[in-house]
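> Input: one structure, supplied below.
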Amino acid sequence: MAMQTGVGEMTKVQNANGNRAKTMKVQSANGNRAKTMKVQNTNGNREMFDRIILASQSPRRRELLAQLGLSFEVMPAYGKERSDAQDPGVRVEELAAAKAREVAGRLEKEPDRERLIIGADTLVVKNGEILGKPRDEEDAKRMLALLSGTAHQVCTGLCLILIKGDQRVERHFHETTHVNFAEMTDKEIDDYVASGDPMDKAGAYGIQSGAARFVTGIQGDYSNVVGLPLSRLYREMKQLKKAPEGKADREAACEGKSREIKEMEVATNQKTGEVADQRERGAAVDQKAGETAAEQKDGRAGRGDGKEARSRLDLQFDFLRELDQEKSIFRQNYIGHHARRENDAEHAWHMAIMAAVLREYANEEVDMERVLLMILLHDVVEIDAGDTYAYDEEGKKSQKKREMDAADRIFHILPPDQEEFFRGLWDEFEAWESPEARFARACDNFQPMMLNRMNGSQSWLDHGVSLSQVLERNARSGEGAREVWNYAYAHFIVPGLTEGKLRDDREELRGQQRINP
Numbered sequence: 001m002a003m004q005t006g007v008g009e010m011t012k013v014q015n016a017n018g019n020r021a022k023t024m025k026v027q028s029a030n031g032n033r034a035k036t037m038k039v040q041n042t043n044g045n046r047e048m049f050d051r052i053i054l055a056s057q058s059p060r061r062r063e064l065l066a067q068l069g070l071s072f073e074v075m076p077a078y079g080k081e082r083s084d085a086q087d088p089g090v091r092v093e094e095l096a097a098a099k100a101r102e103v104a105g106r107l108e109k110e111p112d113r114e115r116l117i118i119g120a121d122t123l124v125v126k127n128g129e130i131l132g133k134p135r136d137e138e139d140a141k142r143m144l145a146l147l148s149g150t151a152h153q154v155c156t157g158l159c160l161i162l163i164k165g166d167q168r169v170e171r172h173f174h175e176t177t178h179v180n181f182a183e184m185t186d187k188e189i190d191d192y193v194a195s196g197d198p199m200d201k202a203g204a205y206g207i208q209s210g211a212a213r214f215v216t217g218i219q220g221d222y223s224n225v226v227g228l229p230l231s232r233l234y235r236e237m238k239q240l241k242k243a244p245e246g247k248a249d250r251e252a253a254c255e256g257k258s259r260e261i262k263e264m265e266v267a268t269n270q271k272t273g274e275v276a277d278q279r280e281r282g283a284a285v286d287q288k289a290g291e292t293a294a295e296q297k298d299g300r301a302g303r304g305d306g307k308e309a310r311s312r313l314d315l316q317f318d319f320l321r322e323l324d325q326e327k328s329i330f331r332q333n334y335i336g337h338h339a340r341r342e343n344d345a346e347h348a349w350h351m352a353i354m355a356a357v358l359r360e361y362a363n364e365e366v367d368m369e370r371v372l373l374m375i376l377l378h379d380v381v382e383i384d385a386g387d388t389y390a391y392d393e394e395g396k397k398s399q400k401k402r403e404m405d406a407a408d409r410i411f412h413i414l415p416p417d418q419e420e421f422f423r424g425l426w427d428e429f430e431a432w433e434s435p436e437a438r439f440a441r442a443c444d445n446f447q448p449m450m451l452n453r454m455n456g457s458q459s460w461l462d463h464g465v466s467l468s469q470v471l472e473r474n475a476r477s478g479e480g481a482r483e484v485w486n487y488a489y490a491h492f493i494v495p496g497l498t499e500g501k502l503r504d505d506r507e508e509l510r511g512q513q514r515i516n517p
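Take 1 as the starting number for the sequence shown in the UniProt record's numbering and just add one per residue.
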């Protein structure tokens, strides 16, 4: 797309299908670089905000934002943004906020007109190393060699600043997408770097351009890898627009997670990425000579844990120490007041209390000790396997194997008798094979639905969840506690549907007898 850069010049850009034109106006306040580009909405959509400003000079972000069909201006930030945060999520949010605030500062003296400023920043993360734009060609080659044949994460942070009169609301968030690369030869890397395409891109590649041939798969939002997670951005803009005065400020305050919590969340994302790495490499582990057939069958080959030489208490405390990691495994659903995501330990605790309180509604008589143990143990495998969102179809394809491998390792830490007992409870829970397992599994479905209702159905909104997906997820919930399932349907699902927070696909369900529990 060619663009003239003279002061006040107008350039009309016709899209590929000839249906509509975007008008771009370039202005320079000092004759130098402070350009403003205006992208006009000509498709008849009602404007969401009086004025939208993209605080980025990235042509890729400009092209992505134009896909929303809204008028906006491009007003790049030119400051040298910095962040010392080691957590990629914190860093991209801080860098995005610096860009948005710089542009907001330039507009302080303008009339009190509603305006939304969007700042964004993208980083690539591999094995804990944050990869920004390459310094030179050698750095680009190093980054690509690091990504070759493995999985990595792309993290884009956004800052939305809404200014209305004397009110100012900031909202920060980030999205992470997992990307798998094929093995690249040295010549392929050299040729790609020589093309110049990697030099202005985080991680030294453009998924939308020359590097597309190296990508074997992604898990998450494609547009997030390009530089702007459109689906999440659009939902956040809608939420910001419709929030009553004062409410947006409270929501923004709640959404401001602490640095420590975000560090833990990203550590979890990195662990999930490492699991993806292992899957991409086939989870190959060199087998040591002398391993026994029994060890190989258990999937414990080569560990050399010396378990038989350690005391019973040593093994028990090793297991308890291992379980502390559950506090750092963050789920996709939020806690009730939406301040942050819930971790696995909180989920298990809340489920255990729920089961004790709702015991009278279990369809069958249950042994509560077994129910509570199943609940407390059911997510320990996520220490290795990571959290798989209930509606992540791609993630669920490998979930069973990841979790079985994790169960092999984690329960093996215990003394043999306890390993057999606790692993048996975990297997029973997974199989829904007893009254206790069915009641515990039902509680595992009810608890996140309750929290989702408390926080405005945020996780449904984040992922665009549909009614059919929720009904599929809860197809067996009534087997554990029919009365509670009826209540959950009426009080958690139906309101989300009527409020438009749960995607309505009832037409697809008509005649399938899945509308009512």
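Beta carbons: idealized from backbone N, C-alpha and C, even for Gly.
Name the residue from L376, L358, N333 and R438 whose alpha carbon lies nearest to the alpha carbon of D392.
Of L376, L358, N333 and R438, the residue nearest in Cα terms is N333.
> Compare the C-alpha of D444 against each of Y389, K400 and P495 and name the closest.
Y389
> Answer yes or no: do A202 and K133 have a C-beta to C-beta separation smaller than 7 Å?
yes
> Measuring CB to CB, does R331 end up less than 7 Å from R340?
no
> I'd like to confirm the pairing. Which residues does DSSP put opposite residue 533 in its beta bridges?
Because the chain is modelled from 1 through 517, residue 533 falls outside the range shown and cannot be assessed.
> Would you give the residue range spanned by the beta strand (DSSP E) that F49 belongs to?
Note, F49: premise wrong, no beta strand (DSSP E); not H, not E.
> Can you tell which of I52, F421 and P415 has the C-alpha that lies nearest to the C-alpha of V103?
Checked all of I52, F421 and P415; the closest Cα to V103 is I52.
> Please list the terminal residues of the continuous beta strand (DSSP E) segment that includes T177.
Q167 to F181 is the extent of the beta strand (DSSP E) around T177.
> For G149, which option in R213, C159, D191 and G157 has the closest C-alpha, if you only look at C-alpha atoms?
R213
> Can you tell me whether A151 is helix, strand or coil according to DSSP?
In this structure, A151 counts as strand in the three-state DSSP scheme.
> Please state if the CB of F429 and the CB of residue 519 are separated by a distance shorter than 7 Å.
This structure does not reach residue 519, given that the chain is present from 1 up to 517, and the question cannot be answered.
> Check this for me: beta carbons of E382 and D344, under 7 Å apart or not?
yes
> Check the C-beta distance from I118 over to L158 and give it rounded, since I have them as a contact under 8 Å.
The Cβ separation is near 7 Å, so the contact holds.
> In this structure, does DSSP put N445 in helix, strand or coil?
helix
> Measure how close the beta-carbons of V90 and D121 come, nearest whole angstrom, since I'm counting them as under 8 Å.
In fact, because the Cβ distance is near 11 Å, the residues do not count as touching under 8 Å.
> From the DSSP secondary-structure annotation, give me the bridge partner or partners of V215.
F181
> Give me, in chain order, the residues of the same chain whose beta-carbon lies closer than 8 Å to that of R312; leave out the 5 immediate sequence neighbours on both sides.
P415
> Below 8 Å, can you find three or more Cβ-Cβ pairs linking the stretch 221-236 to the stretch 204-211?
Yes, the stretch 221-236 is in contact with the stretch 204-211.
> Shortest alpha-carbon distance to A77 belongs to which of D405, A100 and E483?
A100
> Decide if P448 is buried, meaning its Cβ has at least 16 other Cβ atoms within 10 Å, or exposed.
buried
> Among the candidates Q469, D379, G336 and D318, whose CA atom is the shortest distance from the CA of S328?
D379
> Between D384 and I410, which are expected to be in contact by the criterion C-beta below 8 Å, what is the C-beta distance as a whole number of angstroms?
7 Å
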